[in-house]
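*Asks:* First the structure, then my questions, so here it is.
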Amino acid sequence: MEWLATIRKALLYIEDNLLLVEGVDGLAKELAISPSYLQQGFQMLTDYSVAEYIRNRRLHQAARDLIAGELKITDIALKYGYDNSSSFSKAFSRFHEASPTEVKKGIKAPKSFLPIQVSIVIRGGQSLDAEIIEKDSFDVIGFIREYSSENSTLIGKWWKDFNNKYADLKLRSPRNNLEKAIVDNKINSCGVTEYPADRGTFRYVHGGLYQGGEVPEELEIYTINKGTWAVFNCVGKLPDAMTELSDLIWNHWVPDHPEYEVGGQCEFELYYEGDYYGDPEYLCTKWIPIKRKKE
């Protein structure tokens, strides 16, 4: 039990000092134990060396910074201890199997490497790990339609109809301003579900992250306010995997979380390229707006 408590302290210290901790020697000094003792226990309980674990956590956080879009790649490289963007890009690409640019632009999904000390609840193949992040306001461009609980299943039909209609856009150049906006903003890469107003209906945005430029009359800009988000990974074929994850979030994570409750204007889903209807390991993310519970 003492050994387990020591490793837990090590994991907590790494998380609290992720940008400062300097490997097993520095960590062992902080915990007042021998480096060899720490390394042996850490690797036995986590399957990672101390250095490997720190590197993976930093690269995970670096990917989150890239997605947030508030720092340049060079600045992120320096923040996480790399001398230059070239060495950072090599390490990042090896770990995530995607370049920093591909992750920043939403072309490929990064790998997830969450803190080991976080409690994980798993049911039916989905995991309730949540990354809590702060994000400034951002814009989504897309097709905005109004739905009710009675016809919300039409959202899935809209996605499939859109995919069928514009499937060949990957193979040809855009023929008009609408198609150009679809390509430039990667419309079909995110969905926004606005929480219902008093009228009992809600708006849904089928769109992409707005990159600037002309907004055709068929499309609208939707601004998502600055706030705190719980970000969940969803793994599996859609829509079943997302339905299962949503059920876990609302029936377990939301009512059971001791610190946060839902609070915000909308839910947000970010989809990466891939076969989301056929790939059993397809990865996307679901964002739930949250706020701290009142004491």
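The opening position of the sequence shown corresponds to residue -19 in the working numbering, with each subsequent residue numbered one higher. Don't be surprised by glycine CBs; every beta carbon is placed ideally from N, CA and C.
1. Excluding the five sequence neighbours on either side, which residues of its own chain have a C-beta within less than 8 Å of the C-beta of I34, listed in chain order?
2. Quick one: grab the DSSP three-state call for V120.
3. Can you check which of these residues, I112, G21 and E77, is closest to D45 by C-alpha distance?
4. Using the beta-carbon count (16 or more within 10 Å), is R74 buried or exposed?
5. Who are the Cβ neighbours of F142 in its own chain at under 7 Å, not counting the five residues just before and after it?
6. If I measure Cβ to Cβ from K206 and keep anything under 6 Å in the same chain, skipping five residues before and after, which residues do I get?
7. Can E249 and K271 be called in contact, C-beta distance under 7 Å?
8. Have a look at G49 and K160 and give me their C-alpha separation to the nearest angstrom.
9. Measure the beta-carbon distance from T181 to S226 and round it to whole angstroms, keeping in mind my assumption that it falls under 8 Å.
10. How would you write the range of the beta strand (DSSP E) that T181 sits in, first residue to last?
11. Kindly list the residues whose CB is nearer than 8 Å to the CB of M(-19), restricted to its own chain and excluding five residues on each side of it in sequence; keep chain order.
12. How many whole angstroms separate the CB atoms of L218 and Y257, which I take to be in contact at a CB cut-off of 8 Å?
13. By Cβ distance below 7 Å, which residues in the same chain neighbour A147 in space, the five residues on each side in sequence not counted?
14. Are A210 and A110 closer than 7 Å when you measure CB to CB?
15. What's the call for V98, buried or exposed, on a 16-neighbour Cβ count within 10 Å?
*Replies:* According to the structure shown:
1. Once the five neighbours on either side are set aside, the close Cβ partners of I34 are I(-6), L(-2), V1 and G3.
2. Of the three classes helix, strand and coil, the one that applies to V120 here is strand, per DSSP.
3. Looking only at I112, G21 and E77, the smallest Cα-Cα distance to D45 is reached by I112.
4. Its Cβ having fewer than 16 others within 10 Å, R74 is exposed.
5. Excluding positions up to five away in sequence, the list reads N168 and H186.
6. D116 and S117.
7. In this structure, K271 does not lie closer than 7 Å to E249 by Cβ.
8. C-alpha separation (whole angstroms): 23 Å.
9. The C-beta distance from T181 to S226 rounds to 19 Å, too long to fall under 8 Å, and the pair is not in contact.
10. T181 -> no beta strand (DSSP E), and no H or E assigned at all.
11. Here M(-19) scores only 36 on pLDDT, less than 50, and its place in the model should not be relied on; the value that follows carries that caveat. When the five nearest sequence neighbours on each side are left out, no beta carbon in the same chain lies closer than 8 Å to the beta carbon of M(-19).
12. Right, the Cβ-Cβ distance comes to about 6 Å (below 8 Å), so this counts as a contact.
13. Excluding sequence positions up to five before and after A147, its CB lies less than 7 Å from no other CB in the same chain.
14. The beta carbons of A210 and A110 sit closer together than 7 Å.
15. Only weak support exists for where V98 lies, its pLDDT of 36 falling under 50; the value from the coordinates is given anyway. Classified as exposed, V98 has fewer than 16 neighbouring CB atoms from the shown chains inside 10 Å of its CB.
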